[in-house]
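Worksheet: the structure to be examined is printed underneath.
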Amino acid sequence: MAIASASSVTSSVVKPRNTITVVDNRTGKSIEIEITNNSIPATAFSQLKAPYADGERTENDTPYGLRILDPSFINTAMIQSEITYIDGNKGFLMHRGYPIEQLAEKSSYLETAYLLIYGELPSKSQSDLWTWEIMHHTFVADDLQQMIRQMRYDSHPMSVFISAFAAMSAFAPEANPSLQGNDIYINNKGLMNKQIVRILGKATTVAAMAYRIRINRPFTPPRSDLSYTENLLYMMDHMAEPNSYRPDPRLAKALDILFILHADHEMNCSTAAMVHVGSSLVDPYSCVAAASAALYGPLHGGANEAVIRMLTKIGSVENVPVFLDAVKQKKELLFGFGHRVYRETDPRSKVIREVADMVFEVCGREPLIEVAIALKDAALKDEYFTSRKLFPNVDYWSGLIYKAMGFPLDFFPVLFVVPRVSGYLAHWKQQLESGKNKISRPRQVYVGKSRRDYIPVEARVERTITGQNGLTEIPHYISKRRLTKI
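Residues 0 to 485 (numbering that gives the first Met the number 0) make up the sequence shown, in order.
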């Protein structure tokens, strides 16, 4: 029997190519697409063109290439990034290569913010300058303060925060590409850095103002001799005490760790909004306002508030089994469990659970923690929830800590957005400096009416007023005095 030589065996092995071949069964055409970093360009599919099939809608644009439909961006990457990495299957999160657990234990929020924005941990001199600049950019223009003071006392604090940042762009015309030119941040790094420290410095001041409006108290000027989170707590809580008053350092440290945990989380809804809006080259203040508005929604930044409302509704440990049964029957919603990315435990939730004990030592044990622990233990023993990868996330514990510290529920999203500003700025800076910035313009798949001709109102078929096809009657309060007929 002949034995093949080693060289002939080797030559018969086909070396795998780092590509994917797609065959269009409509036309038989095939295309080979290169795989880079386990991704392929969606634009490659535009090469797959075909004639209209019999009876096909022309609105499908079939001869112009295949489009990729991915509602809510379930599996579409919108950028290449060097900032944050998440392994959802292993429950792992890192910023610029550093695991979140190490940063939470050893770093500070401002140092982590520097890491996110500039790519490396700062040296001693860089850290000193960074902290000095941010803490000396905390004051808000008096005219802007007056505008913020006009907000109603019952305004949602996030509405105040968003409005203030939207208005802030009017106070920095030199930072507006619409006024100064498209390339101002590429040609002037000093100008970019100035906006970064301005935004980080003023974020805590605006947040404190939103809180003081809510409790009907005058604004407290910031102090540059305090740490970032100390200053926030000082501006929120200082009343008639001497200026030597300082917040409890344990609470400031706990809040600093929470800020690290919330600093960035890859392409979440609000960060994607920051990148999307920033692609138009609008000023960074407007970008932050837009991103904050995205975070404002209850499916994003309001999740920890929803957890507290859920635990309050459960009321006691004894009611946990009944509640979980109701969840299984789709009669109740389970908040604080599961994540769009994580398929195992959210790594931030492990750290945040330890922070809770630090806060409870100062403020007392939050009564709802017993309900939270019982709910967590019961859910993790139930195949219904574990099979669906429903594990506690960061929102599950953070709300309990904020409640224990005495923050009102509607202020929880503000405590989320303030630290997330550093992540927003990191992605904004990365996008502008990438040299690949193009205005974001997603495609759509049109499934509406085909072409039709205009019909004059006299010739249209009369339809009853329903919510399905038009405006329904809107209830208004009208004084009887105005209904008097003459």
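Note that beta-carbon positions come from the ideal geometry of N, C-alpha and C, so glycine has one too.
Item                                                                                                         : Value
For E33: DSSP bridge partner residues                                                                        : T18
Endpoints, alpha helix (DSSP H) assigned at M235                                                             : 227–236
Continuous alpha helix (DSSP H) stretch holding F91: start and end                                           : Element bounds for F91: not the alpha helix (DSSP H) but the beta strand (DSSP E), 91–94.
Stretch-stretch touch, CB-based, cutoff 8 angstroms, three pairs: the region 154–165 with the region 241–251 : no
Backbone CA spacing between N215 and S154 [nearest angstrom]                                                 : 11 angstroms
Whole-angstrom C-beta distance between D345 and G90, which should lie under 8 angstroms                      : 7 angstroms
Whole-angstrom distance between S433 and I183, CA atom to CA atom                                            : 15 angstroms
6 angstroms Cβ shell around D23 - same chain, five flanking residues per side excluded                       : L47
Whole-angstrom distance between T219 and A239, CA atom to CA atom                                            : 11 angstroms
The region 80–87 touching the region 422–432, judged by at least three CB pairs closer than 8 angstroms      : yes
Reduced DSSP category for S38 - H, G, I as helix; E, B as strand; rest coil                                  : strand
Classification of N392 by the beta-carbon crowding that lies within 10 angstroms, buried from 16 upward      : buried
A174 classed as buried or exposed, judged by whether at least 16 other C-beta atoms fall within 10 angstroms : buried
Buried versus exposed, by CB contacts within 10 Å (16 or more), H135                                         : exposed
6 angstroms Cβ shell around S285 - same chain, five flanking residues per side excluded                      : S168
Distance between beta carbons of I259 and Y108, contact taken as under 8 angstroms                           : 5 angstroms
CB-CB length for I486 against S397, believed under 8 angstroms                                               : The first residue shown for the chain is 0 and the last is 485, placing residue 486 beyond what the model contains.
Coarse secondary structure for D127, derived from DSSP in three states                                       : helix
Three-state secondary structure (DSSP) of Y383                                                               : helix
Exposure label - Q209; buried when at least 16 CB within 10 Å                                                : Reading the sequence as shown, one finds Ala at residue 209 and not Gln. Classification for A209: buried.
Where A262 falls, given that 16 or more other Cβ within 10 Å makes a residue buried                          : buried
Beta-carbon gap between F164 and V274 smaller than 8 angstroms                                               : no
Endpoints, beta strand (DSSP E) assigned at L53                                                              : Looking at the sequence itself, residue 53 is Asp, so the reference to Leu does not match. Counting along the chain, D53 falls outside any beta strand (DSSP E), and DSSP gives it neither H nor E.
6 angstroms Cβ shell around I147 - same chain, five flanking residues per side excluded                      : A163, M208
Neighbour-count burial assignment, M77, 16 or more Cβ in a 10 Å radius                                       : exposed
Classification of T203 by the beta-carbon crowding that lies within 10 angstroms, buried from 16 upward      : buried
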